[in-house]
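Asks:
Numbering (mature numbering (1 follows the signal peptide of the UniProt record, and there is no 0)), first residue to last: -23 to -1, 1 to 1043.
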């Protein structure tokens, strides 16, 4: 650990010198100039009883205090210079860390203090005083990155305290120091403030009674209840501990500050030999976010430069002190993990770390656009923003930033001129903005440090809009560009028929951030999808696969884009697309969203919209099959993907499900269940889940936690506090964490290449698991505890060696002959920490259970057999209730995933009208022709039947046409079908042949009277008519064969070019 000097090496020498001086010279006083926080009973403190080895009563905190990765709600302030969480510790002798009794300890000066005989006092208070909170926040921000200001503090003060067994001059030696805890309930810090230190050791610790020195000196540091994690401050339990008034880890003698909320204590030590650390570890694509860098020892006379390797973005950082530097992210047009390199001395890029970049779509805008429908070139517009993320001491400016993508280089450019009001909240959208198609508003510090990126907040990205003609031009331009790319097919895509199933199908669909119930409070929500209240995007399995959007109305029914512009369609790009000239979010915004807006909403041109719909075909639910669900809950009770129920209580790591190649793998870790008193019971529960797609994705782990409820690791590193507020993307997978109640975290992980989704309800007691599989390619190709997914529940019990077991075997056979065979060897597990495997554990089997029924079982569990068993075996009501609730949830899910019957889309006949009440059984569709047209064939009313088909056929609307007077008395009706004008040519041919055969008096050019009779042949059935008909080679060939030999012709339809096909028409 570094002191106030700039090298750990020199600090170590300093400790040796101090130790030498202490052993050779008497110490009169070690006093610092540190300013303590106001304390004492006059400031509202509670005083501990003046007692030897005494302390406070249990102090119930008004907030959760995070310490070593766990949240605590109570603590004790001990007279002997330490603070303990949840349980009291009265030991007067300082002990070596880690402690054997697994107590969570913050030791500011753990020694044998005696306030009963030697006087002094120990006081404490909780406070939310704004002035004190601001002071603490500003102090921490000098050395650490702190996202939010502190909201709570505890101040504990040891004032003029002496040591036990003091005599003679020892009675004059006193210590004064203060421990301050501060938190915003996400991050927490401990301040060690030493005003005066004149002794280090009590006489019972072999200290000198006249000097208070020697023996076993005071312990200073932190200890976790896990019995492994700890930190002892340099000099602790040595004579040099008295030097804490003169040393520091923040360059202020007597002041020590530590971050204590994470799984490791954060110190601000520096060294030329360590790698850098950054806080926070994630950022937004748009940039402007500040982060702190620690690790190297910084020097103010050197320029510190940073760069993002993947984008080659280079930017300057500012030295705050020798311990840390401040950097601000530039826009980074990439998502996921990127490498941040640092050059702190102008020599080389020899420091690096990983930074997680979040998609624009997952971030709530901090600049809010007002009256968004008015954001058209030439209009005056207004914005509002929250300034808490901006430097309070800096002047601000507002910029309009245009986005463009030129030659593979995406970037933002400030749009000028911009006439901004003095209030900075309104301006006129300038004509110069038309050089861009997308833009955003940025509010930033006006005068950033030279070469550095300004701290900034951003609005949402919005479309540049002028008028109908300009949008028509944008649509035509997009069409020309899109013509150069491969066409998109929707034939292999499908959407759920109802929103409820899209919400459930988490492995294949995710929320569309532009139209989501999660964003219902945003003014832009669903504004680009009129009539929709919820949209989903299909998760792409690879960068090259076609995407799809699915939108639903207020009834939860799928909207067809042919019915409404608010419907979804097939997509070339999705919000997550990147690589191969695709920019995350922005390629989707420009090529999919903007094209839809310009073609279908802003241009007011029906033909433009039709053009877009042809390029982005609709995605229907005709071929949609819901996913299949399996569960593993409680004690644990499992339901396989094919619906087989059983109970398995192994201990260790097991394959829950994997594919044939062992590439997609989900493992579960079990632990022995405990009752409410903490006693182990003859049952097991899931304590962890790990999963990956090998070679494609990261490895993610989810663990239960007795204090923080859950903990999430990616590739062995804790990321729980680094997750975004919505979905966080990692390599090949996404994760979303939601606190559903005070005791439960619901965590959803999607392995994107396989579409396999794992949803976990995590409590401090256990993890309940739900697995969803929607990919038909996996059917019959899975294995593990959840079966083989072949549709047959009777063959799910297949051991790892391939032995097929009967479906009616007992639970003991299932345990030993099936379940245990899927245990993962210690050297093969996905979990980052290995636990010893237990081979002699034999649980209580559910089908031979003879335990007595506990009181309250019926009232709690009702008819739920699994709940009853769990309560009987574990005696833990929380486990039993969790089992019952999750099984109820699973049963509701299965009902929601029943295939929905829906009739296919019905088009409006050309030259007609259609009125439709829906697409579900019982819905009606009626048809009529426009004025001047008559109906031919079909039914004017169709009903959606229970089997998902329509009754009847659709009418055709035709215009009566009289041919030229060529001796025909009949009126010939020509009509067209569909928007492409396809002729029902068979009818025309038949009419022509009949007329030819009924000849009146032949003209000279007619054939002879005894010409042979012409037999009529069916060329094509109506369902087989190729389109377009007169460009189809096969049809023209058949016409030619029909014409050969006899020389007859048929009347020429009005829409056939008179210069073409003379051999067929007259």
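Even glycine gets a Cβ: it sits at the ideal position worked out from N, Cα and C.
When DSSP labels each residue in this structure, what does residue 87 get in the three-state scheme?
Replies: Residue 87 falls in the strand class under three-state DSSP.
Asks: Residue 163: buried (16+ other C-beta within 10 angstroms of its C-beta) or exposed?
Replies: So residue 163 counts as exposed.
Asks: Determine the burial state of residue 377: buried for a count of at least 16 other Cβ atoms within 10 Å of its Cβ, exposed for fewer.
Replies: Looking at its Cβ environment, which holds 16 or more other Cβ atoms inside 10 Å, residue 377 is buried.
Asks: In the DSSP assignment, the alpha helix (DSSP H) including residue 454 goes from what residue to what residue?
Replies: Counting along the chain, the alpha helix (DSSP H) containing residue 454 begins and ends at 445 to 459.
Asks: Nearest by alpha-carbon distance to residue 802: which of 215, 252 and 631 is it?
Replies: If we check each option's Cα against that of residue 802, 631 comes out closest.
Asks: Quick check on DSSP: helix, strand or coil for residue 799?
Replies: If DSSP states are grouped into helix, strand and coil, residue 799 belongs with the helices.
Asks: How should residue 982 be labelled, buried or exposed, when 16 other C-beta atoms within 10 angstroms of its C-beta is the threshold for buried?
Replies: Residue confidence is low: residue 982 scores 38 on pLDDT, short of 50, so the model does not pin down where it sits. Its coordinate-derived value is still stated next. Classification for residue 982: exposed.
Asks: Look at the Cβ atom of residue 634, then the Cβ atom of residue 761, and state whether they are nearer than 7 Å.
Replies: Going by C-beta atoms, residue 634 is nearer than 7 Å to residue 761.
Asks: In chain order, what are the residue ranges of uninterrupted alpha helix (DSSP H) at least 4 long that sit wholly in the segment 187 to 257?
Replies: Those alpha helix (DSSP H) runs which fall completely within the segment 187 to 257 and span 4+ residues do not exist here.
Asks: Identify the residues that DSSP records as bridge partners of residue 636: which are they?
Replies: Beta-bridge pairing links residue 636 to 759.
Asks: Please state whether the Cβ-Cβ distance between residue 514 and residue 551 is less than 7 Å.
Replies: Contact: yes.
Asks: Among 181, 209, 436 and 113, which residue has its Cα nearest to the Cα of residue 15?
Replies: Per the Cα distances, 113.
Asks: Is DSSP giving residue 472 helix, strand or coil here?
Replies: Residue state, collapsed to three classes: coil.
Asks: Name the one or two DSSP bridge partners that residue 901 has.
Replies: Answer by DSSP bridge pairing, in chain order: 920.
Asks: If I measure Cβ to Cβ from residue 491 and keep anything under 6 Å in the same chain, skipping five residues before and after, which residues do I get?
Replies: Here the set comprises 505.
Asks: Along the chain, where does the beta strand (DSSP E) containing residue 850 start, and where does it finish?
Replies: Residue 850 -> not in any beta strand (DSSP E); alpha helix (DSSP H) instead, spanning 842 to 851.
Asks: Return the chain-ordered ranges of every alpha helix (DSSP H) run that is complete within the segment 289 to 329 and spans a minimum of 4 residues.
Replies: Correct list: empty.
Asks: Just checking my contact of residue 737 with residue 745 at CB under 8 Å: how many whole Å lie between their CB atoms?
Replies: Correct: roughly 7 Å between the Cβ atoms.
Asks: Among residues of its own chain, excluding the 5 on either side of residue 242, which ones have a beta-carbon nearer than 6 Å to its beta-carbon?
Replies: These residues qualify, in order along the chain: 199, 208 and 235.
Asks: Given residue 423, which residues of its chain have a CB within under 7 Å of its CB, disregarding the five upstream and five downstream residues?
Replies: So the qualifying residues of the chain are 371, 372, 373 and 374.
Asks: DSSP has residue 1056 in a bridge; who is on the other side?
Replies: With the chain covering -23 to 1043 only, the question about residue 1056 has no answer from this structure.
Asks: Could you tell me which uninterrupted beta strand (DSSP E) segments, each at least 3 residues in length, are contained entirely in the segment 354 to 433, listed from first to last along the chain?
Replies: 357 to 362, 373 to 383, 386 to 391, 403 to 405 and 415 to 422, all fully within the segment 354 to 433.
Asks: From what residue to what residue does the beta strand (DSSP E) around residue 165 run?
Replies: 165 to 174 is the span of the beta strand (DSSP E), which, as asked, contains residue 165.
Asks: Specify, as a first and last residue, the run of the alpha helix (DSSP H) that residue 857 falls within.
Replies: Per DSSP, residue 857 belongs to the alpha helix (DSSP H) from 854 to 873.
Asks: Assuming the contact rule is C-beta atoms closer than 8 Å, residue 13 and residue 172 should be a hit. Round their C-beta distance to whole Å, please.
Replies: Yes, they are in contact, since the Cβ atoms of residue 13 and residue 172 sit about 6 Å apart, within 8 Å.
Asks: Going straight from the alpha carbon of residue 913 to that of residue 921, what length do you get?
Replies: About 22 Å.
Asks: Rounded C-beta distance between residue 819 and residue 849? I'm assuming under 8 Å.
Replies: Actually they do not touch by this definition, with Cβ atoms about 17 Å apart.
Asks: Under the rule that 16 or more other beta-carbon atoms within 10 Å means buried, what is residue 399, buried or exposed?
Replies: The residue is exposed, with fewer than 16 neighbouring Cβ atoms inside 10 Å.
Asks: Which of helix, strand or coil does DSSP assign to residue 680?
Replies: Correct three-state label for residue 680: strand.
Asks: Can residue 904 and residue 925 be called in contact, C-beta distance under 7 Å?
Replies: No, these two residues do not count as a Cβ contact at 7 Å.
Asks: Within the same chain, show all residues whose beta-carbon is closer than 6 Å to that of residue 715, passing over the 5 residues directly before and after it, in chain order.
Replies: Here the set comprises 723.
Asks: If you draw a straight line from the alpha carbon of residue 775 to that of residue 783, how long is it in whole angstroms?
Replies: If I take the Cα positions, the gap works out to 9 Å.
Asks: What number of angstroms, rounded off, separates the C-alpha of residue 464 from the C-alpha of residue 526?
Replies: Each residue's alpha carbon lies about 17 Å from the other.
Asks: Would you say the segment 642 to 649 touches the segment 847 to 864, given that touching needs at least three Cβ pairs under 8 Å?
Replies: No, they do not touch.
Asks: Judging by CA-CA distance, which residue of 677, 479, 354 and 572 is the nearest neighbour of residue 598?
Replies: Among 677, 479, 354 and 572, the Cα nearest to that of residue 598 belongs to 479.
Asks: Can you give me the start and stop residues for the beta strand (DSSP E) that residue 284 sits inside?
Replies: That run of the beta strand (DSSP E) goes 281 to 285.
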